[in-house]
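Visitor:
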Amino acid sequence: MASKNANNQDYRIHTSYERLVKLQSQVQAFSLLPHLVAQSRMSGRHGSLFRGRGLNFEELRHYQLGDDIRNLDWKVTMRTGKPHVRTYTEEKDRNFIICVDQRSGMYFSSIDTMKSVVASEIAALSAWRILKDNDRVGFIISQTTQIEYLKPQRSQNHLLHALKRLNKANNALDISSEDSEASSLSATIRMLGNLGLKNATVLFISDWSGASEIDLDRLKYLQQHNDILSVVISDPLEAALPADILDSASLVFGDGKYQLSVTEQTKLDKANLGLREQSHQRLERLGQLMAMKRLPVIELSTDGKHIDAFKRAVGGVSS
Numbered sequence: 001m002a003s004k005n006a007n008n009q010d011y012r013i014h015t016s017y018e019r020l021v022k023l024q025s026q027v028q029a030f031s032l033l034p035h036l037v038a039q040s041r042m043s044g045r046h047g048s049l050f051r052g053r054g055l056n057f058e059e060l061r062h063y064q065l066g067d068d069i070r071n072l073d074w075k076v077t078m079r080t081g082k083p084h085v086r087t088y089t090e091e092k093d094r095n096f097i098i099c100v101d102q103r104s105g106m107y108f109s110s111i112d113t114m115k116s117v118v119a120s121e122i123a124a125l126s127a128w129r130i131l132k133d134n135d136r137v138g139f140i141i142s143q144t145t146q147i148e149y150l151k152p153q154r155s156q157n158h159l160l161h162a163l164k165r166l167n168k169a170n171n172a173l174d175i176s177s178e179d180s181e182a183s184s185l186s187a188t189i190r191m192l193g194n195l196g197l198k199n200a201t202v203l204f205i206s207d208w209s210g211a212s213e214i215d216l217d218r219l220k221y222l223q224q225h226n227d228i229l230s231v232v233i234s235d236p237l238e239a240a241l242p243a244d245i246l247d248s249a250s251l252v253f254g255d256g257k258y259q260l261s262v263t264e265q266t267k268l269d270k271a272n273l274g275l276r277e278q279s280h281q282r283l284e285r286l287g288q289l290m291a292m293k294r295l296p297v298i299e300l301s302t303d304g305k306h307i308d309a310f311k312r313a314v315g316g317v318s319s
């Protein structure tokens, strides 16, 4: 697939509304429901408890004339000496919330595709699949200055509107973008908690930069009554600086507050050790969160192969 359109826009840097819409054609090869196959190295290979449509247990009560005897609870019946039945209500649909990170830190790639583009395309692909399954899909879009919430609906027009908003947020990013405190990861998670979700599925797509223990504790609470699936987008340069970096006469890294001048092998080794530890700790904490429901931590790279990688991670077939 070409990386540029007729207007010479590079899809690896910014996505386009048309491209997000066209991802609808790729939803046949995978399904988020009902079984998500864990393939992340953090969670091993095991069946998932990712919930889809089905029957929800409602109550255990005495047998009444006309009840289906197949619903008899024989253990309780034998223990009490009186027939008891289990009653169920059918789960009609599910609400999905896609949290997609479009903050300034996502506007980065050292090899192919910006993290912000990876997040946008995975969000759009998932939303089309959810709508095809006749479920409701909503969005929380974290931007540089605000967080936008779009309520879950089962409507193609609503999804198209959401993709326009997502595309606008993505195209607003550039090298001068700066985040406000109002759009932090913590603020996004607080908003998620304030929605009062129950039996919902949350797809959280981010590089998880700035995630604190308090943030993860909040997500653990949400995980008790919902399914939270985390997608981690990372770039190889964030895990290790290349060895040939020392060939540069003077190379300085900064985060807007601190600077690191890498001029010696010992400094390079120290920097790489810190990057590896930070990456490992982030994945380990998310892995513990996902383990509550035996869900995988899905890891995607900026190598431009994120669509196929995501399909494989949820048990689908790559194109």
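If you count the sequence shown from 1, position 246 lands on 246 in UniProt numbering, and the numbers rise without skipping.
Where a beta carbon is used, it is the ideal one built from N, C-alpha and C, also for glycine.
The model shown is predicted, which means the values in this text are computed figures rather than measured ones.
Can you list, in chain order, the stretches of the alpha helix (DSSP H) that have 4 or more residues and sit fully within the stretch 188-229?
Guide: DSSP runs (the alpha helix (DSSP H)) wholly in the stretch 188-229: 213-223.
Visitor: In the DSSP assignment, the beta strand (DSSP E) including Phe96 goes from what residue to what residue?
Guide: Where Phe96 is concerned, the enclosing beta strand (DSSP E) stretches over 95-101.
Visitor: At a cut-off of 8 Å, is Lys82 close to the ligand PLP when judged by its beta-carbon and the heavy atoms of the ligand?
Guide: Within the structure as shown, the ligand PLP is missing, as the structure has no ligands at all.
Visitor: Give me the DSSP bridge partner(s) of Gly138.
Guide: Answer is Ile97.
Visitor: Where does Gln153 sit, in a helix, a strand or coil, going by DSSP?
Guide: Strand, per DSSP.
Visitor: Suppose you measure from the CA of Asn167 to the CA of Ser16; what does that come to, to the nearest Å?
Guide: One C-alpha to the other measures close to 6 Å.
Visitor: Taking Ile130 as part of the beta strand (DSSP E), name the residues at either end of that continuous run.
Guide: Element bounds for Ile130: not the beta strand (DSSP E) but the alpha helix (DSSP H), 115-132.
Visitor: In terms of residue numbering, what span does the beta strand (DSSP E) encompassing Thr299 cover?
Guide: The question names Thr, yet the displayed sequence has Glu at residue 299. Element bounds for Glu299: 297-301.
Visitor: Whose C-alpha, out of Gln153, Ser126, Thr145, Thr144, is nearest the C-alpha of Gly138?
Guide: Nearest option by C-alpha distance: Gln153.
Visitor: Quick test of the definition: if touching needs 3 or more C-beta pairs under 8 Å, does the stretch 107-115 touch the stretch 224-237?
Guide: Counting Cβ pairs under 8 Å, three or more are found: they touch.
Visitor: Can you tell me whether Met78 is buried or exposed? The criterion is at least 16 other CB atoms within 10 Å of its CB, across all chains shown.
Guide: Exposed, by the Cβ-count rule.
Visitor: Around the Cβ of Gln163, are there at least 16 other Cβ atoms within 10 angstroms (buried) or fewer (exposed)?
Guide: Reading off the sequence shown, one finds Leu at residue 163, where the question assumed Gln. It is buried - the Cβ of Leu163 has at least 16 other Cβ atoms within 10 Å.
Visitor: Taking the beta carbon of Leu160 as the centre, do at least 16 other beta carbons fall within 10 Å, making it buried, or is it exposed?
Guide: Leu160 should be labelled exposed.
Visitor: Go through its chain and collect everything with a Cβ distance to Thr144's Cβ below 8 Å, but skip five positions before and after it.
Guide: Same-chain partners within the cutoff: Gln102, Arg103, Ser104, Ala172, Leu173, Ser177, Glu178, Asp179, Ser180, Ser183.
Visitor: If the criterion is Cβ atoms closer than 9 Å, does the pair Leu150 and Arg136 meet it?
Guide: For Leu150 and Arg136, no; Cβs fall outside 9 Å.
Visitor: Starting from Met78, trace the alpha helix (DSSP H) both ways and give me its first and last residue.
Guide: Where Met78 is concerned, the enclosing alpha helix (DSSP H) stretches over 74-80.
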